[in-house]
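J.:
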Amino acid sequence: MSPAAGGEVESSRPRLSLVRTDMDPSLRWDEGLGKVLSILKQAARDRVWLGLATSYSGPDRRRITRHAKLARDIGIPLVATNDVLYATAEQRPLHDVVTCIRLGLKLDEAGTKLAANGERHIKAASEMTRLFRNYPEALAESLRLLERVDFDLGQLRYEYPHEPVPSGWTPQAWLEHLVAEGVRERYGGNPPSEVADLVETEFKLVRKAQYAYYFLTVHDIVKFARSKGILCQGRGSAANSVICYVLGITSVDPVKHKLLFSRFISADRNEPPDIDVDFEHERREEVMQYVYE
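Here it is in structure tokens:
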């Protein structure tokens, strides 16, 4: 989506382009806005919209009228939007406090640095209908645009670094291959059935949560350190994991000591695993440089 306010255009997602026109006190950048819209229309065809929003800064009606005409002249649809900074009207004081923190000011010193009104919240459908009663097509287009957006909050989950894996292998399959090799190294060619059961129990959670890259990253860092003779040791709840043990990240056998894997990763806790690894102080910089590279 590509918003523009005050003449600025930023690109963060190429499939949709939306130009905002709400914060334009000078009302003197229409020519530049028209050029931007024309370029976007050529590049994105039917995926460009001109967003209208009320700023309550004075000449809203004139600005919206001009921009509605501009959209018609160029041949792109209008959408009705909010210029939202907080969810509800009651959060306006909190936004003032955050603004003062950002500017290093006290509330009684901020003056015009604070928003001129408390309208920067999400409007109800009835209020949007009232505000844009002269532009019902913009309200209808907003709903059509919403139907095309495939974003959900689940997409905000942390993405672990994509460690390189051999061609033809998935991250999970490569991790399981390394673990199988580690099991043979730690427990011999005929490991106890308890080990295999615990490995599979751990893998069920790792697969479900898609943590393969995380384990591969830590394994790679530890492998590098040890190849350079840098002393390192995994610790904390990671010592409860058979996977960490056979990958060489930790040195305590959780099977022998009957440690609980749920202290490390649990389906009941919606939080990622935490593997702490200590490196000798004098050579930590070498490990950091390897990670950066």
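Following the working numbering, the numbering of the sequence shown begins with 10 at its first residue and continues without gaps. Glycine residues also receive a C-beta, built at the ideal position from the N, C-alpha and C atoms.
Could you give the residue range of the alpha helix (DSSP H) that holds residue 191?
T.: Looking at the DSSP string, the run of the alpha helix (DSSP H) that includes residue 191 is 180 to 196.
J.: Assuming residue 241 contacts residue 287 under a Cβ cut-off of 8 Å, what Cβ separation, rounded to an integer in Å, is found between them?
T.: Confirmed, about 6 Å.
J.: By Cβ distance, which residues of its chain are closer than 8 Å to residue 276, with the 5 residues on each side in sequence left out?
T.: Hits under 8 Å: 214, 217.
J.: Taking the C-alpha atoms as reference points, what is the distance between residue 112 and residue 51?
T.: If I take the Cα positions, the gap works out to 40 Å.
J.: Would residue 255 pass as a contact of residue 169 if the rule is Cβ separation under 9 Å?
T.: Not in contact: residue 255 and residue 169 (Cβ atoms no closer than 9 Å).
J.: Using a Cβ-Cβ cut-off of 6 Å (strictly less than) and excluding sequence neighbours within five positions of residue 98, which residues of its own chain qualify?
T.: Excluding positions up to five away in sequence, the list reads 127, 130.
J.: Give every residue of the same chain whose Cβ lies closer than 7 Å to the Cβ of residue 249, excluding the five residues on either side of it in the sequence, and list them in chain order.
T.: Result list for residue 249: 263, 268, 269, 270, 272, 273, in chain order.
J.: In this structure, how does DSSP classify residue 228 when only helix, strand and coil are distinguished?
T.: Correct three-state label for residue 228: helix.
J.: For the stretch 131 to 138 against the stretch 175 to 185, are there 3 or more C-beta pairs whose distance is under 8 Å?
T.: Result no; under three Cβ-Cβ pairs closer than 8 Å.
J.: Between which two residues does the alpha helix (DSSP H) containing residue 89 stretch?
T.: Per DSSP, residue 89 belongs to no alpha helix (DSSP H); it is in the beta strand (DSSP E), 87 to 89.
J.: Using the DSSP secondary-structure output, state which residues sit across from residue 130 in a beta bridge.
T.: The partner list for residue 130 (beta bridge, DSSP) reads 95.
J.: Would you give the residue range spanned by the alpha helix (DSSP H) that residue 243 belongs to?
T.: It is not in any alpha helix (DSSP H) - residue 243 instead sits in the beta strand (DSSP E) that spans 241 to 244.
J.: Roughly how many angstroms separate the alpha carbons of residue 265 and residue 228, rounded to a whole number?
T.: The straight-line gap from Cα to Cα measures roughly 22 Å.
J.: List the whole-angstrom C-beta distance separating residue 59 from residue 103, where the pair is believed to meet the contact cut-off of C-beta under 8 Å.
T.: About 31 Å separates the two Cβ atoms, so there is no contact after all.
J.: Less than 9 Å between the C-beta atoms of residue 89 and residue 151, yes or no?
T.: Yes, the Cβ-Cβ distance between residue 89 and residue 151 is below 9 Å.
J.: Between which two residues does the beta strand (DSSP E) carrying residue 212 extend?
T.: It is not in any beta strand (DSSP E) - residue 212 instead sits in the alpha helix (DSSP H) that spans 202 to 218.
J.: Using CA atoms only, rank isn't needed, just tell me which of 210, 187, 209 is closest to residue 232.
T.: Of the candidates 210, 187, 209, the one whose C-alpha sits nearest the C-alpha of residue 232 is 187.
J.: Output the distance between the C-alpha atoms of residue 298 and residue 191, rounded to the nearest integer angstrom.
T.: The straight-line gap from Cα to Cα measures roughly 27 Å.
J.: With C-beta atoms as the reference, is residue 85 less than 9 Å away from residue 106?
T.: Taking 9 Å as the Cβ cut-off, residue 85 and residue 106 do not qualify as a contacting pair.
J.: Just checking my contact of residue 259 with residue 243 at CB under 8 Å: how many whole Å lie between their CB atoms?
T.: That pair is a contact at about 4 Å.
J.: Given residue 252, which residues of its chain have a CB within under 6 Å of its CB, disregarding the five upstream and five downstream residues?
T.: Excluding positions up to five away in sequence, the list reads 188, 211.
J.: I'd like the span of the alpha helix (DSSP H) that includes residue 117, first residue to last.
T.: Note, residue 117: alpha helix (DSSP H), 116 to 119.
J.: Residue 206 and residue 245: beta carbons closer than 9 Å?
T.: No; because the gap between Cβ atoms is not below 9 Å, this pair is not in contact.
J.: Name the one or two DSSP bridge partners that residue 287 has.
T.: For residue 287, which the question treats as bridged, DSSP gives the partners 242.
J.: On the three-state DSSP scale, how would you describe residue 65?
T.: Reduced to three states, the DSSP call for residue 65 is coil.
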